[in-house]
Amino acid sequence: MKAQAVDTATCPRCHQPVNSQAVTCPHCGNQLKAYGHPGIPLHRATGKEYLCDSCTYHADDTCNFPQRPFAKECILYENIEESKQELQQQRYANSFGATVRSWMRRNQALVLLLVLLFVCLMIALSTT
C-alpha cells in the first residue's frame with residue numbers, strides 16, 4: 009500500500025500542525041472551517057486588527073457582512089494586497105511580449121524549422 013502525503017496547516021490558536029482539511033483542531037478544539045464544512049475556509053484576524061481593514065470587499069464597499077467593519081472572522085475575506093498582485097500578474101500574462109514568448113515556447117519545433125530554412129536560404133543566396 010502506498011502512503012499518501014497529508015497537507016498540513018497550523019492551528020491559529022495553539023500553533024500545532026493539523027490536517028489542512030480538518031474542521032476543528034484535534035489539540036485545542038478551535039474551529040478551523042466555517043459551518044463544519046472542510047471546503048469553506050474561515051479567515052481570522054491576528055492581534056487587535058480587524059479583517060475589514062485589509063479586505064477587498066470592504067475597500068470597494070460591496071461587503072454586506074453584519075460584523076463589518078469590526079469582523080475578526082469571515083468566510084468571504086479577500087486580502088486587497090494579494091488581489092492587486094494577482095491583477096498585475098494577469099496584466100503581465102496578457103501583454104504582447106508574454107503572448108509571443110508563450111507562443112514560441114509552444115511552437116519551438118516550428119520556430120527552429122523556420123530559422124533553419126532562413127539560414128539555408130541566406131547561404132543559397134550568398135553562393136549564387
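If you count by our numbering, then the sequence shown holds residues 9 to 136, one letter each, in order.
Glycine included, every Cβ here is placed at the ideal spot set by N, Cα and C.
Here the structure is a predicted model, which is why all the values come from computation and not from measurement.
Start and end residues, beta strand (DSSP E) containing residue i
| i | result |
| --- | --- |
| Thr18 | 16–18 |
Distance between residue j and residue i (C-alpha atoms, nearest Å)
| i | j | result |
| --- | --- | --- |
| Met9 | Arg113 | Bear in mind that a pLDDT of 46 at Met9, under 50, signals an unreliable position, so the number given afterwards is only what the model happens to contain. Near 39 Å, if we compare the C-alpha coordinates of Arg113 and Met9. |
| Cys19 | Val26 | 7 Å |
| Gln93 | Leu124 | 40 Å |
| Ala132 | Leu122 | 15 Å |
| Cys33 | Leu40 | 7 Å |
| Cys63 | Asn115 | 41 Å |
| Pro74 | Thr16 | 31 Å |
| Leu95 | Asn72 | 24 Å |
| Val127 | Val108 | 22 Å |
| Ser110 | Gln98 | 14 Å |
| Leu120 | Ser91 | 39 Å |
| Phe104 | Ala42 | 42 Å |
Beta carbon of residue i nearer than 8 Å to that of residue j
| i | j | result |
| --- | --- | --- |
| Gly44 | Val31 | yes |
| Tyr65 | Pro77 | no |
Residue i - containing alpha helix (DSSP H), residue span
| i | result |
| --- | --- |
| Val1 | Residue 1 is absent from the structure shown; the chain starts at 9 and stops at 136. |
| Leu125 | 116–135 |
Among the options, nearest to residue i - alpha-carbon criterion
| i | options | result |
| --- | --- | --- |
| Cys22 | Tyr100, Thr107, Cys60, Gly37 | Gly37 |
| Glu89 | Ser28, Val119, Ala67, Leu118 | Ala67 |
| Asn87 | Thr135, Ser134, Gln24, Cys60 | Cys60 |
Open item on the list: Taking contact to mean 3 or more Cβ pairs, one atom from each stretch, closer than 8 Å, check whether the stretch 45–57 and the stretch 68–82 are in contact.
Closed with: yes
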